[in-house]
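Our numbering applies: residue 276 is where the sequence shown begins, and numbers increase by one. To keep things clear, I will list the structure first and then write my remarks on it.
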Amino acid sequence: MTTATGTRPATALVILPTLNEAKNLPLLVPSILEHEGLRLLIVDDRSADGTGEVAEALAAEYPGRIEVMHRTGKRGLGLSYAEAFPLAAEAEVDVICQMDADLSHDPQYLPAMIAATARFDVVIGSRYAEGAGLENWPGYRAALSVGANTYVRTVTGLRAKDCTSGYRCWRRSAVHQVRWERVGAEGFAFLVETLCEAAQAGCSIGEVPVLFVGRRHGASKLTARVFRESLVVPWRVLMRFRRRRPKVTSR
Ligand SMILES: Nc1nc2c(ncn2[C@@H]2O[C@H](COP(=O)(O)OP(=O)(O)OP(=O)(O)O)[C@@H](O)[C@H]2O)c(=O)[nH]1
Ligand SMILES: [Mg+2]
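So this is what it looks like as structure tokens:
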């Protein structure tokens with residue numbers, strides 16, 4: 276992992292949003308922190324299963340490498356990220372990463388994704404790039420995901436193969452290009468909204484193939500409300516850009 280200029284090893288802050296991931300967090304954190312130069316910001320939304328306490332115990336185990344944000348406001352994946360990203364962008368690191376805490380996103384891909392930020396402003400850990408794959412995911416979930424990507428690409432004009440992946444690495448300068456004050460999605464639609472904002476700001480978007488593994492512990496947080504928001508947000512973003520499709524240079 277080297278910086279965009281290639282002079283020293285790249286450093287990164289990984290944002291981990293959590294809602295009831297007490298079983299998964301102790302398995303995930305060591306495999307992230309085994310990579311040198313990585314730090315963590317765990318953003319817990321008042322989990323009922325003690326995830327917040329588990330996060331604090333891990334922070335004590337890895338002094339100086341983990342910060343824990345205990346949110347108090349309205350719950351939501353998008354709201355959590357929207358609070359964490361601007362904060363993370365103030366850290367003295369080269370790259371800001373985001374990933375799920377349910378072991379679906381294997382940290383083994385972080386070095387390649389971080390390295391790819393030397394070529395792209397935003398790098399997606401892609402389930403649909405050549406060489407990628409899905410494991411332990413029911414057919415209906417895969418179909419929903421493929422359908423969601425087709426929908427998003429058609430409405431917004433984004434060209435990335437996986438516009439709804441929550442596994443991404445951002446050059447820190449690219450995070451500063453997003454207009455966070457107008458990011459409003461509360462749930463998973465945040466992922467589409469921020470990718471559109473990045474593309475609109477002129478960020479280049481690349482993809483690294485990953486093997487996505489469906490969650491084995493804990494429950495899904497995909498609610499009907501979150502799903503409805505995902506249908507509306509691509510249109511809302513399109514209106515925001517006054518029917519100008521985002522200029523995307525994804526490969
Ligand atoms: N802080 C916070 N994190 C959340 C919230 N909802 C989900 N998450 C986290 O966001 C990540 C992705 O959520 P998942 O529940 O795995 O969503 P999914 O991958 O679409 O669905 P499944 O894997 O089937 O459960 C996980 O790390 C969750 O713990 C939320 O409201 N607040
Ligand atoms: Mg998941």
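All C-beta atoms in this analysis are idealised placements derived from N, C-alpha and C, irrespective of residue type, glycine included.
For the set D324, V453, A366, R350, the Cα lying nearest the Cα of I341 is the one of A366. Counting C-beta pairs closer than 8 angstroms gives fewer than three between the region 376-396 and the region 457-471, which falls short of the contact rule. Unbroken beta strand (DSSP E) stretches of 3 residues or longer found wholly inside the region 402-446: 408-410, 443-446, given in chain order.
The beta carbons of F502 and R402 sit about 19 angstroms from each other, so the pair does not count as a contact at 8 angstroms. Checking the 7 angstroms criterion, the Cβ of R490 is within range of a heavy atom belonging to ligand 2. Taking C-beta atoms as the reference points, V397 and A473 count as a pair closer than 8 angstroms. For R503, the shortest C-beta to heavy atom distance toward ligand 1 is 7 angstroms or greater. Membership of F487 in any alpha helix (DSSP H) is not indicated; the residue belongs instead to the beta strand (DSSP E) covering 486-488.
At a cut-off of 7 angstroms, the beta-carbon of A393 does not count as near ligand 1: no heavy atom of the ligand is closer than that. One thing to note: A476 has its Cβ within 8 angstroms of the Cβ of V453.
In the same chain as G493, and ignoring 5 residues on each side of it, the C-beta atoms closer than 7 angstroms to its own belong to N295, E296, K298, N299, D377, in chain order. Nearest Cα to E468 within the set S479, V507, R500: V507.
According to the DSSP assignment, Q373 belongs to the beta strand (DSSP E) that extends over 370-373. Looking at the backbone, the Cα of F395 and that of E482 are separated by about 9 angstroms.
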